[in-house]
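Peer 1: Numbering (our numbering), first residue to last: 4 to 207. Handing you this structure, nothing more for now.
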Amino acid sequence: MDPHRRQLLQTSLSAPVLGLAGQALAEAAEPRSRNKALVKAYIEATDRGDIAAVEALVSPEVKWWIVSRGDFDRATIMAINRRRFDQAISRKSSILGMAAQDDRVAVEYETATVENGEPIFIVYHHLFQVRDNHIVSVREWTDPRARPRVSRSPRRFLPALIPGPRPVPTISMRPRPAPWPRLFSPQVRPTWRGSSPHPASVGG
4 MDPHRRQLLQ
14 TSLSAPVLGL
24 AGQALAEAAE
34 PRSRNKALVK
44 AYIEATDRGD
54 IAAVEALVSP
64 EVKWWIVSRG
74 DFDRATIMAI
84 NRRRFDQAIS
94 RKSSILGMAA
104 QDDRVAVEYE
114 TATVENGEPI
124 FIVYHHLFQV
134 RDNHIVSVRE
144 WTDPRARPRV
154 SRSPRRFLPA
164 LIPGPRPVPT
174 ISMRPRPAPW
184 PRLFSPQVRP
194 TWRGSSPHPA
204 SVGG
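Below you can see the structure in the form of structure tokens.
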């Protein structure tokens with residue numbers, strides 16, 4: 004068979020397969036894109052302090068976990084969100100990275116919260132699970148190193164998320180401990196009892 008005709012035949016046979024593969028990839032990517040758009044809408048709603056929009060995106064059966072805080076049901080997490088997403092506090096978030104797989108969306112974003120006239124930067128790491136266009140599960144981490152970059156007084160710190168007593172941050176000015184004493188003087192080497200030298204003294 005003519006090489007040119009063979010190439011045309013191979014191309015015509017592989018085209019439907021490639022078309023089906025491309026369609027499958029597009030169909031698989033569509034739910035992921037929707038889930039990422041929903042998570043982005045959630046972050047934007049928190050920036051606006053739009054609690055109604057936040058509540059509309061969160062499932063009634065949501066399970067929410069916050070590092071070092073534990074698990075929360077919808078009623079508790081919504082009470083927390085109403086406090087930390089207050090419209091009186093200016094917020095602006097920048098998404099640093101986002102990835103989606105199946106029904107999960109992982110996102111890292113930095114939020115600048117203006118308090119007492121100065122921005123406070125916090126980096127969040129969230130793992131969302133989305134089902135039927137609602138957030139059904141969230142696992143939330145906060146980067147402790149990204150706490151207030153500028154803090155001249157305890158008032159600069161963000162209010163506690165959980166109701167209760169708020170400890171005032173303090174700075175410890177403990178003196179540095181003295182260095183450990185030398186076990187042996189540099190001029191004096193230990194001697195070992197016995198007929199054979201200790202391995203540590205061989206080659207001295």
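Glycine is no exception: its CB is placed at the ideal position from the N, C-alpha and C atoms. Predicted model, so just to flag it, every value in this text is computed and none were measured.
1) On the CB-based measure, 16 or more other CB atoms within 10 Å of its CB, does residue 49 come out buried or exposed?
2) By the three-class DSSP mapping on this structure, what secondary structure does residue 92 have?
3) Going by Cα to Cα distance, which pick from 126, 55, 132 is closest to residue 65?
4) Please name the residue in 71, 142, 147, 44 whose C-alpha comes closest to that of residue 208.
5) Tell me which same chain residues have a C-beta within less than 6 Å of the C-beta of residue 117, skipping the five on either side of it?
6) State the start and end residues of the unbroken beta strand (DSSP E) segment that holds residue 142.
7) Where residue 69 and residue 130 are concerned, what is the direct C-alpha to C-alpha distance, given to the nearest angstrom?
8) Taking the DSSP output, what are the residues bridged to residue 126?
9) Using only the alpha-carbon positions, how far apart do residue 84 and residue 55 sit?
10) Could you tell me whether the segment 95-111 touches the segment 121-129, using the rule of 3 or more Cβ pairs below 8 Å?
11) Tell me whether residue 36 sits in a helix, a strand or coil according to DSSP, three-state version.
12) Using the Cβ count rule (16 or more neighbours within 10 Å means buried), how would you classify residue 103?
13) Please state whether DSSP places residue 87 in a helix, a strand or coil.
14) Quick one: grab the DSSP three-state call for residue 70.
15) Based on Cα-Cα distance, which residue from 134, 67, 79, 123 lies nearest to residue 147?
16) Under the assumption that residue 137 contacts residue 62 (Cβ atoms under 8 Å), give the Cβ distance between them as a whole number of angstroms.
17) Whose CA, out of 40, 134, 75, lies closest to the CA of residue 142?
18) Which value, in whole angstroms, describes the spacing of the CA atoms of residue 100 and residue 115?
19) Does the separation of the CB atoms of residue 134 and residue 106 fall below 8 Å?
Peer 2: So, from the listed chains and residues:
1) buried
2) Coil at residue 92, not helix or strand.
3) 132
4) Because the chain here runs from 4 to 207, residue 208 falls outside it and cannot be looked at.
5) 93
6) Counting along the chain, the beta strand (DSSP E) containing residue 142 begins and ends at 137-145.
7) 11 Å
8) Answer is 113, bridged to residue 126.
9) 11 Å
10) yes
11) helix
12) buried
13) helix
14) In the structure shown, residue 70 falls within a coil segment according to DSSP collapsed to helix, strand and coil.
15) 123
16) 4 Å
17) Residue 142 has its Cα closest to that of 75, out of 40, 134, 75.
18) 16 Å
19) yes
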